[in-house]
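Colleague:
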Amino acid sequence: MADLISQKGIENHLFSSLPVYVFESLDSTNRFAKTLTEDFALVVADCQTNGRGRLNRSFFSPKGTGIYFSLKVKIPHLYENVPFITTAAAVAVHRAITAVSNVKSGIKWVNDIYIGNKKLSGILCEAVDDCHVVIGIGINYTPSSLPDDLTDIVTFLYNKEPLVTRNEIIALIVDNLLDITSDLSDTSFMEYYKTHSIVIGKKVLCIQGENSFEATVLDIDNQGGLLVKTASGIKTLSSGEITLRLTN
Ligand code: BTN
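Per my numbering, residue 22 is the first one in the sequence shown, and the count goes up by one each step.
Written as structure tokens, this is what we have:
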């Protein structure tokens, strides 16, 4: 199946109407999307030379085998809605992945998508100003030759012939995201988020900069906060600076 990312190819599957920018290569679709003046826009690249991840990490973005895009959205009262945007993005990606493949994936707090113990997708949300946010999504679509440090920790949506094109998957996620983010007062997607969480009930290592502590995840609250039991009592963690490592 031909799988070329194109503006027309995406628009053919998109119900929403918004400007769509497609590039063969960009440093980072998030960086480019943040320079745009439109309230809503979609930026897609076939590869990124400086793909960015959370906590200033890089995101490996080779040509032809991944999905890399950023959706710029206008959200009134952005700052109070930030936790919902992050979780909404994970829900939109998880729903789309489930619809287009047979894989059973789960959401690792705060917004990584995993298959088993390997990462399939990462999401980086960045505020542009007090009412615009860029939601950047990266999905490992088909196998690529990985750097040594990634071989054991990432996985792909399709290990054999892809069932659905990248254009179609991008359009599906974007429609889903625009739908959820159009009314964040409706937090019903949080139920979906919790149902598909792979961390609730698990022992985890919480890593914060140079420090780390063990915890058991009790629940995820309606603001997307992680309720954990630690040696020093029960705490609610917010996503900002914390990474989780599953330990059982
Ligand atoms: C993470 O795993 O920490 C988040 C990864 C986010 C990667 C996507 S790819 C498209 C967009 N552009 C970027 O530079 N990053 C995001």
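From the three backbone atoms N, C-alpha and C, an ideal C-beta is built for every residue, glycine too.
Alpha carbons only, please: which of 106, 91, 89 and 90 is nearest the one belonging to residue 97?
Modeller: Looking up residue 97 in the sequence shown gives position 76. Answer by Cα proximity: 106.
Colleague: Going by alpha carbons, who is nearest to residue 124 out of 233, 135 and 69?
Modeller: Counting from 1 along the sequence shown, the entry for residue 124 is found at position 103. When each option's Cα is compared against that of residue 124, the closest is 135.
Colleague: Can you give me the start and stop residues for the alpha helix (DSSP H) that residue 219 sits inside?
Modeller: Along the sequence shown, one-based indexing puts residue 219 at 198. Element bounds for residue 219: n/a, residue is neither H nor E.
Colleague: Count the CB pairs spanning the region 112-130 and the region 42-60 that are closer than 8 Å, and state whether there are at least three.
Modeller: Too few Cβ pairs lie closer than 8 Å, so no.
Colleague: If you draw a straight line from the alpha carbon of residue 227 to that of residue 174, how long is it in whole angstroms?
Modeller: Within the sequence shown, the letter at position 206 stands for residue 227. Within the sequence shown, the letter at position 153 stands for residue 174. Straight-line Cα distance between these residues: approximately 18 Å.
Colleague: The alpha helix (DSSP H) with residue 234 in it runs from where to where?
Modeller: To locate residue 234, count along the sequence shown from 1; it is residue 213. Careful: residue 234 lies outside any alpha helix (DSSP H), inside the beta strand (DSSP E) at 232-241.
Colleague: Does the separation of the CB atoms of residue 50 and residue 90 fall below 8 Å?
Modeller: Within the sequence shown, numbered from 1, the residue matching residue 50 stands at position 29. Within the sequence shown, numbered from 1, the residue matching residue 90 stands at position 69. Yes, the Cβ-Cβ distance between residue 50 and residue 90 is below 8 Å.
Colleague: Just how far apart, CA to CA, sit residue 237 and residue 73?
Modeller: The residue labelled residue 237 in the question sits at position 216 within the sequence shown. The residue labelled residue 73 in the question sits at position 52 within the sequence shown. If I take the Cα positions, the gap works out to 29 Å.
Colleague: Between residue 133 and ligand 1, is the CB less than 7 Å from at least one heavy atom?
Modeller: Position 112 of the sequence shown, counting from 1, holds the residue named residue 133. Yes, the beta carbon of residue 133 sits closer than 7 Å to at least one heavy atom of ligand 1.
Colleague: Is residue 84 buried or exposed, if buried means 16 or more other CB atoms sit within 10 Å of its CB?
Modeller: Within the sequence shown, numbered from 1, the residue matching residue 84 stands at position 63. Residue 84 is exposed by the Cβ-count criterion.
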